[in-house]
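For the record, the sequence lines run as chains F and D.
Here the first sequence is numbered in the working numbering, starting from 24 and rising by one per residue.
Here the second sequence is numbered in the working numbering, starting from 223 and rising by one per residue.
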Amino acid sequence: MKDIFIFNNGRLKRTDSTIQFIDADGKKKTIPIVQVENIHLFGEIDMNTSFLNLLTQQGVVLHTYNYYGYYSGSFIPRSKQVSGYIDVRQASHILDPQKRIFIARQFIYGAVHHMLKNIRQHKDGSEVYINTIESVRVNIENAKTIPELMGMEGNIRKIYFQSFNHMIKNEFFHFVKREKRPPKDPINALISFGNSIMYTTVLSELYKTQLNPTMSFLHEPSVKRYSLSLDLAEIFKPLIIDGLIVSLINNRVMKSNHFEYIESEICLLNDEGRKIFLKAYEEKLSKTIKHRTLKRQTSYRFLIRLECYKLIKHIIGDTTYKPLKAWW
Amino acid sequence: MLNVDELKATGLSVQYYLVCHRKLWLSTHQIQFEQDSDRVLEGKVLHEQTYNKHGNKEVLIDNLIKIDLFGDYVGEVKSSSRMQQSDRMQLLYYLYVLKQAGINKVGKLHYPKEKKVEEVHLTDAAVKEVEKVLIGIQVVKDKSTPPPLIKLPYCSKCAYYSFCWVGEVD
Ligand code: SF4
Numbered sequence: 024m025k026d027i028f029i030f031n032n033g034r035l036k037r038t039d040s041t042i043q044f045i046d047a048d049g050k051k052k053t054i055p056i057v058q059v060e061n062i063h064l065f066g067e068i069d070m071n072t073s074f075l076n077l078l079t080q081q082g083v084v085l086h087t088y089n090y091y092g093y094y095s096g097s098f099i100p101r102s103k104q105v106s107g108y109i110d111v112r113q114a115s116h117i118l119d120p121q122k123r124i125f126i127a128r129q130f131i132y133g134a135v136h137h138m139l140k141n142i143r144q145h146k147d148g149s150e151v152y153i154n155t156i157e158s159v160r161v162n163i164e165n166a167k168t169i170p171e172l173m174g175m176e177g178n179i180r181k182i183y184f185q186s187f188n189h190m191i192k193n194e195f196f197h198f199v200k201r202e203k204r205p206p207k208d209p210i211n212a213l214i215s216f217g218n219s220i221m222y223t224t225v226l227s228e229l230y231k232t233q234l235n236p237t238m239s240f241l242h243e244p245s246v247k248r249y250s251l252s253l254d255l256a257e258i259f260k261p262l263i264i265d266g267l268i269v270s271l272i273n274n275r276v277m278k279s280n281h282f283e284y285i286e287s288e289i290c291l292l293n294d295e296g297r298k299i300f301l302k303a304y305e306e307k308l309s310k311t312i313k314h315r316t317l318k319r320q321t322s323y324r325f326l327i328r329l330e331c332y333k334l335i336k337h338i339i340g341d342t343t344y345k346p347l348k349a350w351w
Numbered sequence: 223m224l225n226v227d228e229l230k231a232t233g234l235s236v237q238y239y240l241v242c243h244r245k246l247w248l249s250t251h252q253i254q255f256e257q258d259s260d261r262v263l264e265g266k267v268l269h270e271q272t273y274n275k276h277g278n279k280e281v282l283i284d285n286l287i288k289i290d291l292f293g294d295y296v297g298e299v300k301s302s303s304r305m306q307q308s309d310r311m312q313l314l315y316y317l318y319v320l321k322q323a324g325i326n327k328v329g330k331l332h333y334p335k336e337k338k339v340e341e342v343h344l345t346d347a348a349v350k351e352v353e354k355v356l357i358g359i360q361v362v363k364d365k366s367t368p369p370p371l372i373k374l375p376y377c378s379k380c381a382y383y384s385f386c387w388v389g390e391v392d
């Protein structure tokens with residue numbers, strides 16, 4: 024099972040049990056649909072309902088991105104996994120402030136654990152970042168409200184991003200500050216692009232469970248349509264995306280010629296840059312580790328699903344939620 | 223006899239009750255996961271093949287149970303006899319539902335791969351057994367939280383395996 028990324032313009036067509044991509048020059052490429060889990064469209068693509076019906080039949084999710092490579096929306100097959108019971112339980116954990124902040128806090132614990140893990144990999148001179156982050160971390164327990172918690176997370180993230188210049192050897196990729204809209208330099212462009220992809224991956228996994236992706240704990244349920252995806256992505260962004268960015272830069276895979284500037288203001292990954300990033304991303308998602316309680320080889324992608332399962336177990340009163348804290 | 227209408231149970235929940243109460247609780251709370259393991263697929267193929275040979279027909283009763291009528295008996299085709307106890311109970315339950323509708327039948331468990339057939343009769347003792355199970359199912363369903371985890375030999379092949387056994391080690 025894999026994700027398909029399409030950068031060119033063209034047309035997607037259904038042909039029995041396969042899909043066909045016809046590019047602007049009329050060149051055809053056939054992909055067996057049974058091997059596809061998600062399709063990501065970066066180019067301008069024509070398609071029809073018969074194609075979309077095939078996706079529904081096969082449970083394939085389609086994500087679209089705008090010109091800048093940012094997530095713009097999804098075509099999601101009629102969800103098979105629904106449970107009124109889970110919906111009600113999930114809502115009850117949002118309506119009760121105590122229950123809500125408990126879960127929100129766990130997401131941040133997971134995120135911070137992975138941030139520290141990244142910093143620790145670059146030993147010399149990293150103590151100052153680690154110590155500062157840990158001094159904030161001990162207060163997470165005392166946060167009384169979600170905004171207070173978000174504030175602490177913001178502080179930690181700021182220090183974490185400062186440590187990036189320490190982790191990254193190539194000055195071309197050094198940070199001034201984290202700027203999301205729009206990113207103005209290559210490192211911000213990479214982070215924004217990576218986070219966008221992470222969000223869609225989490226969303227695809229969420230859809231395989233009975234959790235309602237619009238009901239979130241850390242982010243306000245109204246902040247974005249599928250805000251639970253934002254919540255869970257917090258844990259996985261530092262684990263999957265940031266580590267990938269640093270290693271792509273330090274191993275000189277990602278270079279200055281993989282970026283373009285629009286009106287010398289907005290910095291974006293160009294098509295080649297995106298392809299390089301996504302290839303490495305796919306490889307990382309399919310990498311496996313032996314899970315300590317399942318005692319089975321488990322891919323990074325499946326770890327995301329497992330996080331959903333643990334949340335379900337928590338809200339139905341089975342096992343208290345503990346975030347993933349990579350131990351390897 | 224109890225009134226089955228008040229104890230709506232599907233044939234599957236009878237099986238689940240005997241195999242794992244947790245599985246029963248999860249599935250009756252609409253927490254289901256796709257089982258795309260080969261074993262289930264194998265079961266399906268087996269079912270379809272046996273269909274053709276016997277010229278049987280599938281009957282849905284009360285939107286509750288789906289049975290295979292092979293002429294004058296009720297048949298269930300299984301890929302192996304590993305779960306014989308729960309297979310037998312599932313079949314007894316079918317016979318029980320039929321009896322409530324005034325139809326008296328004999329049941330047969332088919333294990334074509336093992337070339338084995340077992341006859342099942344709804345005796346008075348069996349009726350009591352079925353009723354005990356039906357009440358048991360209700361008790362499990364009504365619990366406010368899922369029954370605790372118990373490691374069963376069956377777990378590693380169960381569709382809920384990852385769900386049940388995922389956890390964090392401190
Ligand atoms: S994995 Fe084991 S405990 Fe969980 S539902 Fe299946 S059989 Fe029951």
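All C-beta atoms in this analysis are idealised placements derived from N, C-alpha and C, irrespective of residue type, glycine included.
Secondary structure remark: continuous alpha helix (DSSP H) runs of at least 4 residues inside the segment 36 to 107 of chain F, in chain order: 72 to 81. Between residue 347 of chain F and residue 334 of chain F, the C-beta spacing is not below 8 angstroms.
Burial check for residue 307 of chain D: the Cβ neighbour count within 10 Å stays below 16, so the residue is exposed. In terms of beta-carbon proximity, residue 384 of chain D lines the interface with chain F, with at least one pair separated by less than 8 angstroms. Of all residues in the segment 364 to 382 of chain D, only 366, 367 and 368 place a beta-carbon less than 8 angstroms from a beta-carbon of chain F. The residue from F/246, F/39, F/189 and F/227 with its alpha-carbon nearest to that of residue 151 of chain F is F/189.
At least one beta carbon of chain D lies nearer than 8 angstroms to the beta carbon of residue 106 of chain F. Between the segment 240 to 257 of chain F and the segment 119 to 132 of chain F, the count of Cβ pairs shorter than 8 angstroms is three or higher; the stretches touch. If the five residues before and after residue 65 of chain F are omitted, its C-beta is found closer than 8 angstroms to the C-beta atoms of 28, 29, 30, 88, 92, 294 and 297, all from its own chain and listed in chain order.
The closest heavy atom of ligand 1 lies less than 7 angstroms from the beta carbon of residue 248 of chain D. Annotated as distal: residue 97 of chain F and residue 149 of chain F, with beta-carbon spacing of 8 angstroms or more. Nearest neighbour of residue 247 of chain F by Cα position, chosen from F/222, F/271 and F/267, turns out to be F/222. At least 8 angstroms separates the CB of residue 297 of chain F from every CB of chain D. Rounded to whole angstroms, residue 211 of chain F and residue 198 of chain F show a C-alpha spacing of 8 angstroms. Scanning chain D for C-beta atoms nearer than 9 angstroms to the C-beta of residue 109 of chain F yields 251, 252 and 253, reported in chain order. C-alpha of residue 354 of chain D to C-alpha of residue 343 of chain D: approximately 17 angstroms in a straight line. Under the 8 angstroms criterion on CB atoms, residue 324 of chain F is classed as non-interfacial with respect to chain D. Per DSSP, residue 391 of chain D is not a residue of any alpha helix (DSSP H), being assigned neither H nor E. If only uninterrupted alpha helix (DSSP H) runs of at least 4 residues are considered, those enclosed by the segment 318 to 349 of chain F are 323 to 338. Rounded to whole angstroms, the separation of the alpha carbons of residue 243 of chain D and residue 164 of chain F is 36 angstroms. Taking the C-beta atoms as reference points, residue 265 of chain F is found no nearer than 8 angstroms to residue 178 of chain F.
In this structure, the alpha-carbon of residue 338 of chain D lies about 20 angstroms from that of residue 317 of chain D. Only 233 from the segment 215 to 246 of chain F bring a Cβ to less than 7 angstroms from some Cβ of chain D. For residue 362 of chain D, there are no neighbours in chain F by C-beta distance under 8 angstroms, as the nearest C-beta there is about 14 angstroms away.
Residues of the segment 295 to 319 of chain F with a Cβ closer than 7 angstroms to any Cβ of chain D, in chain order: 315, 316 and 317. As for any alpha helix (DSSP H) of minimum length 4 sitting wholly inside the segment 184 to 246 of chain F, the runs are 187 to 190 and 209 to 229, ordered along the chain.
Runs of alpha helix (DSSP H) with 4 or more residues, each lying fully within the segment 248 to 275 of chain F, are found at 250 to 259 and 266 to 273, listed in chain order. With a beta-carbon spacing of about 6 angstroms, residue 78 of chain F and residue 100 of chain F fall inside the 8 angstroms limit used to define contacts.
Under the 8 angstroms criterion on CB atoms, residue 297 of chain D is classed as non-interfacial with respect to chain F. Here the distance from the Cβ of residue 323 of chain F to the nearest heavy atom of ligand 1 is not below 7 angstroms. A direct Cα-Cα distance of roughly 47 angstroms separates residue 220 of chain F from residue 289 of chain D.
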